[in-house]
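**Q** Please see the structure below; I have some questions.
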Amino acid sequence: MKYNRCGQSGLLLPIVSLGLWHNFAGVDVYENSKEMVLRAFDHGITHFDLANNYGPPPGSAEETFGKILREDLSSYRDQMVITSKAGYLMWPGPYGEWGSRKYLISSCDQSLKRMGLEYVDIFYSHRPDPDTPLEETMMALDQIVRSGKALYAGISNYNPEQSQKAIDILKSLGTPCLVHQPSYSMFNRWVEDGLLNVLEKNGVGSVVFSPLFQGLLTDKYLKGIPENSRAAKSHGFLQTDQITSEKIAKVKALDEIAKERGQKMSQLALSWVLRDKRVTSVIIGASKVSQIDDAVGIVDHLDFKEDHLERIEKILRE
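Using the numbering used here, read the sequence shown as starting at 123 and increasing by one per residue.
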């Protein structure tokens, strides 16, 4: 495993991190979830990304992870970076989502209880709240860090302007913003339009999620939609109408470049995201151990020939 410095902080993160958004919930097979976490750690993936609402049911991914920690990884706590977030709907009523001090602090307390931890390494504001003053949300993150419930503060899904304001507020409070967590992939490049510049200017790291565009940037959909895939599920984030003939044609062309590089399509997509040195780490999801093995295979295939980058850009721009 290779590790990158997160912004201008003292924290190093593995270039590949494991996200527990899907397949680690109460509805999933516990032994499979456990096997994936342990395999990831054995590969040098020390960074595990969660949120209060990951499930279903909400909160169950943290409970699963807490059980794995107790059974197998408790002695390795100081070798792990464990994160959580709050911002999306977690419980009914007026205090169960968004960015109020009440919601963020109570969410952090609940997350620690579910995982059996005294602290998380990073606690994020999961999304900006249009109705709560940004100062209140950032003051809540500052309090969470000062109380010892988190070591670092982060933000997620904030646009460039919101990010700059959040960074400035946290700096004035004395708790610098460590990291931003945005979505980023070959098919979703919004961070290139200002956000990465803001983070670089302020010495803030970036840990990106959905680098495979919910699985579309793999070889999974090149011959149709498999029955057990995310797109086949009615409740999934990747819906069949997103799997267009144009996107499949692009994936097929990109797959040819991947083969030239001695990679799978999924590995090419991960390596490409990490080509930008402003990206600290890429969060992968997984449903089986072999997908984690594939992801860490990018460690020795991170460099790109200029010709490959130009061809990839042409495919993506067409």
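Just so you know, even glycine gets a beta-carbon here, dropped at the ideal spot from N, CA and C.
Distance check for residue 333 and residue 183, CA to CA, integer angstroms please.
**A** 21 Å
**Q** If you reduce the DSSP assignment to three classes, tell me which class residue 126 lands in.
**A** strand
**Q** Hey, could you find the ends of the alpha helix (DSSP H) residue 405 is sitting in?
**A** Note, residue 405: premise wrong, no alpha helix (DSSP H); beta strand (DSSP E) at 403-406.
**Q** Would you identify the three-state DSSP class for residue 335, choosing helix, strand or coil?
**A** coil
**Q** From the DSSP output, in three-state form, read off residue 369 for me.
**A** helix
**Q** Considering only C-alpha positions, which residue in the set 438, 408 and 433 is nearest to residue 144?
**A** 408
**Q** Given residue 270, which residues of its chain have a CB within under 7 Å of its CB, disregarding the five upstream and five downstream residues?
**A** 241
**Q** Measuring alpha carbon to alpha carbon, tell me which of 199, 293 and 226 ends up nearest residue 243.
**A** Checking every option, the nearest Cα to that of residue 243 belongs to 199.
**Q** Decide if residue 378 is buried, meaning its Cβ has at least 16 other Cβ atoms within 10 Å, or exposed.
**A** exposed
**Q** With H, G and I counted as helix, E and B as strand and the rest as coil, what does DSSP make of residue 170?
**A** strand
**Q** Taking residue 231 as the reference, give the member of 220, 251 and 208 with the closest Cα.
**A** 208
**Q** By the 10 Å Cβ neighbour count, where 16 or more other Cβ atoms means buried, how is residue 253 classified, buried or exposed?
**A** exposed
**Q** Along the chain, where does the beta strand (DSSP E) that runs through residue 136 open and close?
**A** 134-136
**Q** Within its chain, find whatever has a CB closer than 6 Å to the CB of residue 250; leave out the 5 residues flanking it on each side and keep chain order.
**A** For residue 250, where only same-chain residues beyond five positions count, the Cβ hits under 6 Å are 280 and 284.
**Q** What number of angstroms, rounded off, separates the C-alpha of residue 131 from the C-alpha of residue 300?
**A** 7 Å
**Q** For residue 167, which residues from the same chain have a beta carbon less than 8 Å from its beta carbon, with the 5 sequence-adjacent residues on both sides left out?
**A** 123, 136, 138, 139, 140, 414 and 418
**Q** Please list the terminal residues of the continuous alpha helix (DSSP H) segment that includes residue 205.
**A** Where residue 205 is concerned, there is no enclosing alpha helix (DSSP H), although the beta strand (DSSP E) it sits in stretches over 203-208.
**Q** So what does DSSP say about residue 409, is it helix, strand or coil?
**A** coil
**Q** Rounded to whole angstroms, how far is the Cβ of residue 126 from the Cβ of residue 402, which I believe are closer than 8 Å?
**A** Separation of the CB atoms of residue 126 and residue 402 is rounded to 5 Å, and the pair is thereby assigned contact status at 8 Å.
**Q** Could you give the first and the last residue of the continuous alpha helix (DSSP H) run that contains residue 280?
**A** Counting along the chain, residue 280 falls outside any alpha helix (DSSP H), and DSSP gives it neither H nor E.
**Q** So residue 278 and residue 259 are in contact, right, with Cβ under 8 Å, and what is the actual spacing, rounded?
**A** Between residue 259 and residue 278 the Cβ distance is about 12 Å, and since that is not below 8 Å, they are no contact.
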